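Chains as they are written, first to last, in my numbering: chain F, -2 to 502; chain B, -2 to 502.
Glycine included, each C-beta is placed from N, C-alpha and C at the ideal position.
None of the values given here were measured: they were computed from a predicted structure.
First the structure, in the form of structure tokens, and then the observations on it.
Here's what the structure looks like:
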């Protein structure tokens, strides 16, 4: 490596490390706001998040960064770096090119507005107050539309947003895969709705002690290999995973008094996200490569652990006895088979995060269609509740009794995360496709799960996915792991087979 | 106000607000490290704290700051500001003049080193491993000595450090007041040691449930007026108060299984710090004036609530019944008088934070003498354990069995806080002097405490001390509140009277 390259490389890495420091602080401030920060400090906190996010943004788009990149991003210089180094330069260049188009004042307004709106959203949702939320959402959408203009619209305006969460994914591709998925899932839902013997969950609607739920959740996390020395489990209104640094990958859950299964599956879900983050290659630490490669692949891992492991019969053959021991009074008369069927019952419902594995995808398709309307057809924000309710009627046959259980139910839009929702359904599709390959390459998969021996599974996923971080793009991961591009048939096949067995149609 | 003044003033306030944002983030990261951050993330976290502290430092010493100050800090311009504005400019100018002398690289090394050493210190202390700690402490002292050279030594080198925590306090003054105090306390301790009827605490050494301790601690905090919507109570190895912003003033405590009184008094102590911070005038928000004026005055408030309120007979006349209800099995045979005497028993001991109201001051005098030796006489760090143990023998008649219970017991030096310890004894003296005035001006003081009616007391303190933040200097506060300068006699009088009653000599 030439001296100039070595010097520039060192300064470049130091600048990236500095940017990471800001991100760690901002992440901690978000975590804290959602796990018990006092109410009266929240407004100043939102401003503080805005200030430090903006400083990070300024570093990302600084003159120094521009100079480093214009030196490093040259074929001759890239040739002096190793493959990971080249990937890093390219990734940072892409982010730089995107961010440098946004004026810092706009970014600051956006960062403060969304931090503030996220905090207010909880109350608006609680009170079903869409009118209160509307001006915030209107401004967030308007700013996002401005950003799309700065970035330059792709095939459609919404494509520009999609690309941020799932590089190279397009509306065209999503229309196709969501169309195929919908065409196979809607008849399946119809069959299930008509099935004579539906699973019941009579063991719910009892009081499940929170401390016991927490104990069992921690036990499951330890079982799947979550490292509590590099993370912690807390409580929040909505469960989430957040990475502060690679030795500090935190998750939260929410304990429902009357439904022990809610925290179990959210712990496995967030635990799946955390396993990904805890097992990224150490050599990527301190750089933007040290993250999951995309929201879709991330979600595939949370879904894999939640559904393909956690909602499997094999898993409960191993862990149902432990659960009964934690709640002997509640579960003594419930058989393993009843429990397994109950946690896999399918019901059309209003709330995405409580939806079953099957109808969940319809909740996502609804949001995808609405986001396209907002950004590609200028749907007025005031009409969102109406459009939302119509689509729920069409796809799920239900109408929310108020906006808190309807259009206000998700935090994402208050944080400006438009284009994020499709990741969830993508995650399901990726998970099914990856699980298909995994079962071929590890034919003892079911046996491992029955033994609670997750090490070989975690190692396989680490080797194929986790360790690469962002050094491989999502499409590369899927292609290299499964040998083909994204294919929605794996998810549809899996769901058809699973529910045929449970609903006996 | 001239346009140029108005513009500069606005930019100046914005810059101060930005610096506060960094301080909020750094404070949250410290809080988090001490309340449960995972072990494996601590090293990166220390780096991150170093990076962001250094950025704040750079803003404090930036060219912009220099320009604003050189415009604002002129008699004609100061005349355009109100009194608070003038105080603010002067305070920021003082800090600027001090900080601008330190090269940012030195500051960064110091910030990272101390964040790291604070984290490591817990283990060194646990293992009584002074040899492990010595290289860190040596480097911290060396850097501090360099800083003294940059700042310029005052009458002695140690004066330069003292001045940071207690503006205008000198070694000369401290030698005098500590001398007077020692001359009155040592005979008092001797009398007490010889007293025939010593208070006993047979109710200790039982198991006190942590959840019950926490419940009672929260109850007391609410009673004295701590605002839980602007703060929270957590657990940490060492209790502390930390302000993130004025709506977020947090405290921690430590629950001893076998001593319920430990968490009670630490909660009142940290609660006293928090009452101060929660009641600073809102108009000072977002500026460096929105803090307690000095460590000594701050400590006077924690001591006031812990000792002058919390260890008074009147307090327990009101609250002992509640405590018995929280722990009926433990306390059913313990009378109010026994309990009151027990929480006021005097014993020579090895550990500062467990010391009683009286001998506590001797622990401080020991540290003060050692710090003077380090900075004014170049005492080699390797000799600290020896000197420490000799002084404990002289002043308290005890020798620590290991350095964990000796020279390693306090976190302060690992964080570079040299010159801080005297604040504790100052706090006791200030508290006694302020309490003396308070009782004259609020003659119903004892009656209020007996009723648990702390509002008038809190309002008096808010009006005289809290609301002013840093807009008044400590010497101004003491003079304006009590009509005279610091006078150690009030503390000595108070202690003599109190212990005469308890020990009956």
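Q | Sequence ranges, beta strand (DSSP E) only - wholly within the region 203 to 243 of chain F, length at least 3 | A | 230 to 232 and 238 to 242
Q: Pick out the complete alpha helix (DSSP H) segments inside the region 353 to 380 of chain B, 4 residues or longer, and give them in chain order.
A: 357 to 374
Q: Taking all protein chains shown into account, decide if residue 9 (chain B) is buried (16 or more other Cβ within 10 angstroms of its Cβ) or exposed.
A: For this step, residue 9 (chain B) is matched to residue 12 along the second chain. Classification of residue 9 (chain B): buried, given that the 10 Å Cβ count is 16 or more.
Q) Taking the C-alpha atoms as reference points, what is the distance between residue 461 (chain F) and residue 189 (chain F)? A) As a working mapping, residue 461 (chain F) is identified with position 464 in the first chain. As a working mapping, residue 189 (chain F) is identified with position 192 in the first chain. Spanning the two alpha carbons is a distance of roughly 35 angstroms.
(Q) Distance check for residue 270 (chain B) and residue 344 (chain B), CA to CA, integer angstroms please. (A) By 1-based counting over the second chain, the position of residue 344 (chain B) is 347. By 1-based counting over the second chain, the position of residue 270 (chain B) is 273. When rounded, the distance between both Cα atoms is 26 angstroms.
Q: Return the CA-CA distance between residue 308 (chain B) and residue 340 (chain B), expressed in angstroms with no decimal places.
A: As a working mapping, residue 308 (chain B) is identified with position 311 in the second chain. As a working mapping, residue 340 (chain B) is identified with position 343 in the second chain. When rounded, the separation of the alpha-carbon atoms in residue 308 (chain B) and residue 340 (chain B) is 7 angstroms.
Q: Name the residue from F:171, F:415 and F:245 whose alpha carbon lies nearest to the alpha carbon of residue 40 (chain B).
A: Locating residue 40 (chain B) in the second chain gives position 43, where the first residue counts as 1. Ranking the options by Cα distance to residue 40 (chain B), first place goes to F:245.
Q.
So, does the region 78 to 98 of chain B touch the region 110 to 125 of chain B, judging by three or more C-beta pairs under 8 angstroms?
A. no
**Q.** Exposure label - residue 275 (chain B); buried when at least 16 CB within 10 Å
**A.** Numbered from 1 along the second chain, position 278 holds the residue referred to as residue 275 (chain B). Buried is the label assigned to residue 275 (chain B), since at least 16 other Cβ atoms lie within 10 Å of its Cβ.
Q.
On the DSSP bridge list, what partners appear for residue 488 (chain B)?
A. Residue 488 (chain B) sits at position 491 when you count from the first residue of the second chain. DSSP output for residue 488 (chain B) lists no bridge partner at all.
Q.
Quick check on the DSSP output: the beta strand (DSSP E) that includes residue 246 (chain B) runs from which residue to which?
A. Position 249 of the second chain holds residue 246 (chain B). Unbroken beta strand (DSSP E) run through residue 246 (chain B): 245 to 250.
Q | Exposure label - residue 169 (chain B); buried when at least 16 CB within 10 Å | A | Locating residue 169 (chain B) in the second chain gives position 172, counting from the first residue. Taking all protein chains shown into account, residue 169 (chain B) has fewer than 16 neighbouring C-beta atoms within 10 Å of its C-beta and is therefore exposed.
Q: Check whether the Cβ atoms of residue 368 (chain F) and residue 388 (chain F) lie closer than 9 angstroms to each other.
A: For the purposes of this step, residue 368 (chain F) is identified with residue 371 of the first chain, where counting begins at 1. For the purposes of this step, residue 388 (chain F) is identified with residue 391 of the first chain, where counting begins at 1. In this structure, residue 388 (chain F) does not lie closer than 9 angstroms to residue 368 (chain F) by Cβ.
Q) Which residues of chain F have a Cβ atom closer than 7 angstroms to the Cβ of residue 15 (chain B), listed in chain order? A) Along the second chain, read from residue 1 onward, the residue named residue 15 (chain B) stands at position 18. The answer, in chain order, is 48.
(Q) Which same chain residues end up closer than 6 angstroms to residue 411 (chain B) when comparing Cβ atoms and leaving out the 5 residues on each side of it in sequence? (A) Along the second chain, read from residue 1 onward, the residue named residue 411 (chain B) stands at position 414. Same-chain partners within the cutoff: 114, 115 and 118.
Q. What are the residues that DSSP puts in a beta bridge with residue 253 (chain B)?
A. Mapped onto the second chain, residue 253 (chain B) falls at position 256. DSSP output for residue 253 (chain B) lists B:256 as bridge partner(s).
Q. Could one say the Cβ of residue 23 (chain B) lies closer than 9 angstroms to chain F's Cβ atoms, at least one of them?
A. By 1-based counting over the second chain, the position of residue 23 (chain B) is 26. It does; some Cβ of chain F falls within 9 angstroms.
Q | Continuous alpha helix (DSSP H) assignments of at least 4 residues falling wholly in the region 5 to 81 of chain B | A | Correct list: 39 to 57, 60 to 69 and 72 to 75.
Q: To the nearest angstrom, report how far apart residue 337 (chain B) and residue 314 (chain B) are at their CA atoms.
A: As a working mapping, residue 337 (chain B) is identified with position 340 in the second chain. As a working mapping, residue 314 (chain B) is identified with position 317 in the second chain. So the two alpha carbons sit approximately 9 angstroms from each other.
Q | chain F residues whose Cβ lies nearer than 9 angstroms to that of residue 464 (chain B) | A | The residue labelled residue 464 (chain B) in the question sits at position 467 within the second chain. The premise fails here: residue 464 (chain B) is roughly 17 angstroms from chain F at the closest Cβ pair, so nothing lies under 9 angstroms.
Q: Would you verify that the beta carbon of residue 58 (chain F) is, or is not, closer than 9 angstroms to some beta carbon of chain B?
A: Looking up residue 58 (chain F) in the first chain gives position 61. No, because no Cβ of chain B sits closer than 9 angstroms to the Cβ of residue 58 (chain F).
Q: Would you verify that the beta carbon of residue 233 (chain B) is, or is not, closer than 9 angstroms to some beta carbon of chain F?
A: In the second chain, the residue the question calls residue 233 (chain B) occupies position 236. No, its Cβ sits nowhere closer than 9 angstroms to a Cβ of chain F.
Q) If we ignore side chains and look at the alpha-carbon of each, how far apart do residue 123 (chain B) and residue 104 (chain F) end up? A) Against the second chain, residue 123 (chain B) aligns to sequence position 126. Against the first chain, residue 104 (chain F) aligns to sequence position 107. Cα to Cα, residue 123 (chain B) sits roughly 47 angstroms from residue 104 (chain F).
Q. From what residue to what residue does the alpha helix (DSSP H) around residue 477 (chain B) run?
A. Residue numbering aside, residue 477 (chain B) sits at position 480 when the second chain is read from its first letter. First-last of the alpha helix (DSSP H) with residue 477 (chain B): 471 to 479.
**Q.** Nearest neighbour of residue 378 (chain B), chosen from B:4, B:48, B:132 and B:492 [CA to CA]
**A.** Walking along the second chain from the start, residue 378 (chain B) turns up at place 381. Closest by alpha carbon: B:132.
Q: Could you list the residues in the region 216 to 228 of chain F with a C-beta less than 9 angstroms from some C-beta on chain B, going in chain order?
A: Listed by position, the residues of the region 216 to 228 of chain F near chain B (Cβ gap below 9 angstroms) are 224, 225, 226, 227 and 228.
Q: Put residue 308 (chain F) into one of helix, strand or coil per three-state DSSP.
A: Your numbering for residue 308 (chain F) matches position 311 in the first chain. In this structure, residue 308 (chain F) counts as coil in the three-state DSSP scheme.
Q: Could you tell me the boundaries of the alpha helix (DSSP H) in which residue 165 (chain F) lies?
A: On the first chain, residue 165 (chain F) is found 168 positions in, with the first residue counted as 1. Here residue 165 (chain F) belongs to no alpha helix (DSSP H), and DSSP marks it neither H nor E.
Q: May I have a chain-ordered list of the alpha helix (DSSP H) segments no shorter than 4 residues that lie completely inside the region 384 to 454 of chain F?
A: Counting only runs of 4 or more, we get 419 to 438 and 442 to 448.
Q. DSSP state of residue 145 (chain B), grouped into three classes?
A. For the purposes of this step, residue 145 (chain B) is taken as the residue at position 148 of the second chain. In the structure shown, residue 145 (chain B) sits in a helix (DSSP, three-state: H, G or I).
Q: Run down chain B in chain order and give the residues with a C-beta less than 8 angstroms from the C-beta of residue 18 (chain F).
A: As a working mapping, residue 18 (chain F) is identified with position 21 in the first chain. Under the 8 angstroms cutoff, chain B gives 44, 45, 48 and 49.
Q) Which ranges would you report for the alpha helix (DSSP H) in the region 93 to 164 of chain B if only whole runs of at least 4 residues count? A) 101 to 123, 127 to 148 and 154 to 162
Q: Give a yes or no on contact between the region 227 to 243 of chain B and the region 162 to 180 of chain B, applying the rule of three or more CB pairs nearer than 8 angstroms.
A: These segments do not touch.
Q. Can residue 293 (chain B) and residue 487 (chain B) be called in contact, C-beta distance under 9 angstroms?
A. As a first step, residue 293 (chain B) is located in the second chain; it is residue number 296 there, counting from the start. As a first step, residue 487 (chain B) is located in the second chain; it is residue number 490 there, counting from the start. Against a cut-off of 9 angstroms, the Cβ pair of residue 487 (chain B) and residue 293 (chain B) comes out as no contact.
(Q) When you compare the CB of residue 562 (chain F) with every CB in chain B, is at least one pair closer than 9 angstroms? (A) Given that chain F is displayed from residue -2 to residue 502, the structure contains no residue 562 (chain F) and the question cannot be resolved.
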